[in-house]
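Colleague: Provided herewith is a single structure, encoded as structure tokens, for subsequent inquiry.
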Amino acid sequence: MLMFDYKLLSALAAVVEQAGFERAAQVLGLSQSAISQRIKLLEARVGQPVLVRVTPPAPTEIGRRLLNHVQQVRLLERDLQSLVPALDEEGVPERLRIALNADSLATWWAGAVGAFCAEQHLLLDLVVEDQTVGLKRMRAGEVAACVCASERPVAGARSVLLGAMRYRALACPAFITRHFPEGVRADQLARTPALVFGPDDFLQHRYLASLGVEGGFEHHLCPSSEGFIRLIEAGLGWGLVPELQVREQLERGELVELLADKPIDVPLYWHHWRNGGQLLGLLTEQLIAATSSTLQAVN
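Quick note: the sequence shown uses my numbering, first residue 1458, plus one each step.
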């Protein structure tokens, strides 16, 4: 029977989480050659590679399974340490690695977890991904939980619907005057500069399709939630923006909805490992309570 050496598993987790051997060595307080030797020893014990040597290193299928395992073990160890404090020799705070979309990070996330992290002595390691692809981080074993738009959980995890993020298609008044002097028409939008968060962001595509507009469209790429809004305010293009983020600008008339009351809602699901221990259970309860008053209800 194979017995896990958790020093070897910690080396694997550090290499993947820190995107390289050098930074993994710094985090664990070891030399880079020591990290490399631990990975080689782990591969010798499991009888196959656990990493693909690319930049950054990527886990193999067995590597992903081992990463999933070590993520859950860390959380279960925390529960045991709370029952037997003497086991926690170093007394360091727990670090939880979570993937979430940039718009959640820019709006409701901080208010939902701030007090919780202080009470639980918890440090967060946040990985920002588009809401449509965040689940790949859990599948790869890189995170213990994620916020994303996918309902179906990966094997060994569960998902909870938190609510929906409401987006509105907005532009500044000068942009509307310049591009739509006779009023906004849906068929004009594809020929008018838009803003897209990144190559994985298909929200604008969905919005245009809902208006009967298919195919490509002119757009800038801006991988920053705050920068996205600044560019819209500066008149570079129109874009879909979380209503939570721009209520003041809408009230002041600095941003205007292109087509009256035509929002698009994106459901957000919280995914976490089933064997994630008490901490993930408490965090799940906290997120459900916090988002009940911030996100849109989903029928």
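Cβ atoms here follow ideal geometry from the backbone N, Cα and C, with glycine treated the same way.
Quick caveat, the model's predicted, so the values are computed rather than measured.
Assuming Ala1468 contacts Ile1496 under a Cβ cut-off of 8 Å, what Cβ separation, rounded to an integer in Å, is found between them?
Modeller: Residue mapping note: residue 1468 aligns to position 11 of the sequence shown, counting from 1. Residue mapping note: residue 1496 aligns to position 39 of the sequence shown, counting from 1. So it is a contact: roughly 6 Å between Cβ atoms.
Colleague: Apply the 10 Å Cβ neighbour rule to Arg1625 and answer buried if 16 or more other Cβ atoms are within range, or exposed otherwise.
Modeller: Position 168 of the sequence shown, counted from the start, is the residue given in the question as residue 1625. Arg1625 comes out buried.
Colleague: Apart from the five residues on each side of it in sequence, which residues of its chain come closer than 6 Å, Cβ to Cβ, to Leu1557?
Modeller: Walking along the sequence shown from the start, residue 1557 turns up at place 100. Closer than 6 Å at Cβ, skipping near neighbours: Val1604.
Colleague: Compare the C-alpha of Tyr1700 against each of Ser1682, Gly1692, Ala1691 and name the closest.
Modeller: Here the question's residue 1700 lines up with position 243 in the sequence shown. The question names Tyr, but residue 1700 is Glu in the sequence shown. Per the Cα distances, Ser1682.
Colleague: Under the three-state reduction of DSSP, which class applies to Trp1566: helix, strand or coil?
Modeller: Residue 1566 sits at position 109 when you count from the first residue of the sequence shown. Trp1566: helix per DSSP, three-state reduction.
Colleague: On the premise that Leu1627 lies in contact with Leu1715, defined as a C-beta separation below 8 Å, what is that separation, rounded to the nearest angstrom?
Modeller: The residue given as residue 1715 occupies position 258 in the sequence shown. The residue given as residue 1627 occupies position 170 in the sequence shown. Between Leu1627 and Leu1715 the Cβ distance is about 7 Å, and since that is below 8 Å, they are a contact.
Colleague: Only counting the same chain, and skipping five residues up and downstream in sequence, which positions put a Cβ closer than 8 Å to that of Ala1597?
Modeller: Counting from 1 along the sequence shown, the entry for residue 1597 is found at position 140. Val1473, Ala1515, Pro1516, Arg1521, Leu1524, listed in sequence order.
Colleague: Please identify the residue among Pro1724, His1677, Arg1554 whose C-alpha is closest to the C-alpha of Thr1751.
Modeller: Position 294 of the sequence shown holds residue 1751. For Thr1751, the nearest C-alpha among the options comes from Pro1724.
Colleague: Less than 6 Å between C-beta atoms, sequence neighbours within five positions excluded: which residues of the same chain meet that for Met1458?
Modeller: Position 1 of the sequence shown holds residue 1458. Residue confidence is low: Met1458 scores 43 on pLDDT, short of 50, so the model does not pin down where it sits. No coordinate-derived value is stated.
Colleague: Can you name, in chain order, every residue of its own chain whose Cβ lies under 7 Å from the Cβ of Ala1501, other than the five neighbours on each side?
Modeller: For this step, residue 1501 is matched to residue 44 along the sequence shown. No residues qualify anywhere along the chain.
Colleague: Please look up how many angstroms separate the CB atoms of Leu1665 and Ala1647, rounded, as I've assumed it's under 8 Å.
Modeller: By one-based count along the sequence shown, residue 1665 stands at place 208. By one-based count along the sequence shown, residue 1647 stands at place 190. A Cβ-Cβ separation of about 6 Å places Leu1665 in contact with Ala1647 under the 8 Å criterion.
Colleague: Would DSSP call Cys1574 helix, strand or coil?
Modeller: By 1-based counting over the sequence shown, the position of residue 1574 is 117. DSSP places Cys1574 in helix when its eight states are reduced to three.
Colleague: Closest to Thr1649 by CA distance: which of Ala1614, Phe1674, Asn1732 is it?
Modeller: Here residue 1649 refers to the residue found at position 192 of the sequence shown. Here the closest residue by C-alpha is Phe1674.
Colleague: Please determine, among Arg1480, Leu1485, His1728, Ile1492, the residue with the shortest C-alpha to C-alpha distance to Ala1612.
Modeller: Here residue 1612 refers to the residue found at position 155 of the sequence shown. Of Arg1480, Leu1485, His1728, Ile1492, the residue nearest in Cα terms is His1728.
Colleague: Taking the continuous beta strand (DSSP E) assigned at Gly1620, which residues delimit it?
Modeller: Translated into positions along the sequence shown, residue 1620 becomes position 163. Where Gly1620 is concerned, the enclosing beta strand (DSSP E) stretches over 1614-1628.
Colleague: What span of residues does the alpha helix (DSSP H) with Leu1465 cover, start to end?
Modeller: Position 8 of the sequence shown, counting from 1, holds the residue named residue 1465. Start and end: 1463-1474.
Colleague: Which ranges does the alpha helix (DSSP H) cover as unbroken runs of at least 4 residues, wholly within the segment 1699-1756, from first to last along the chain?
Modeller: 1704-1709, 1734-1748
Colleague: Per DSSP, Ala1696 forms a beta bridge with which residues?
Modeller: Position 239 of the sequence shown holds residue 1696. The amino acid occupying residue 1696 in the given sequence is Gly; Ala does not appear at that position. Answer by DSSP bridge pairing, in chain order: Leu1627.
Colleague: Distance check for Lys1593 and Thr1512, CA to CA, integer angstroms please.
Modeller: In the sequence shown, counting from the first residue as 1, residue 1512 sits at position 55. In the sequence shown, counting from the first residue as 1, residue 1593 sits at position 136. Going from the Cα of Thr1512 to the Cα of Lys1593 covers about 17 Å.
Colleague: Exposed or buried, what is Gly1634 when buried is set at 16 or more other beta-carbons lying within 10 Å of its beta-carbon?
Modeller: Here residue 1634 is taken as the residue at index 177 of the sequence shown, counted from 1. For clarity, residue 1634 is Thr in the given sequence; the question names Gly instead. By the 10 Å Cβ count, Thr1634 comes out exposed.
Colleague: Mind checking which residues open and close the alpha helix (DSSP H) that includes Val1484?
Modeller: Translated into the one-based positions of the sequence shown, residue 1484 becomes position 27. For Val1484, the uninterrupted alpha helix (DSSP H) run begins and ends at 1478-1485, by DSSP.
Colleague: May I have the straight-line CA-CA distance separating Trp1565 from Leu1707, to the nearest angstrom?
Modeller: Counted from its first residue, the sequence shown places residue 1565 at position 108. Counted from its first residue, the sequence shown places residue 1707 at position 250. Their Cα atoms are separated by approximately 18 Å.
Colleague: Determine which residues share a DSSP beta bridge with Arg1583 and list them.
Modeller: Looking up residue 1583 in the sequence shown gives position 126. Looking at the sequence shown, residue 1583 is not Arg but Leu. Ile1555, per the DSSP bridge assignment.
Colleague: Please determine, among Ala1621, Ile1689, Ala1476, the residue with the shortest C-alpha to C-alpha distance to Arg1510.
Modeller: Walking along the sequence shown from the start, residue 1510 turns up at place 53. Minimum Cα distance to Arg1510 is reached at Ala1476.
Colleague: Would you report the Cα separation of Gly1568 and Asp1658, rounded to the nearest angstrom?
Modeller: Locating residue 1568 in the sequence shown gives position 111, counting from the first residue. Locating residue 1658 in the sequence shown gives position 201, counting from the first residue. Cα to Cα, Gly1568 sits roughly 25 Å from Asp1658.
Colleague: Which class does Val1507 belong to by DSSP, given the choice of helix, strand or coil?
Modeller: As a first step, residue 1507 is located in the sequence shown; it is residue number 50 there, counting from the start. Looking at Val1507 - three-state DSSP - the assignment turns out to be coil, as it is neither helix nor strand.
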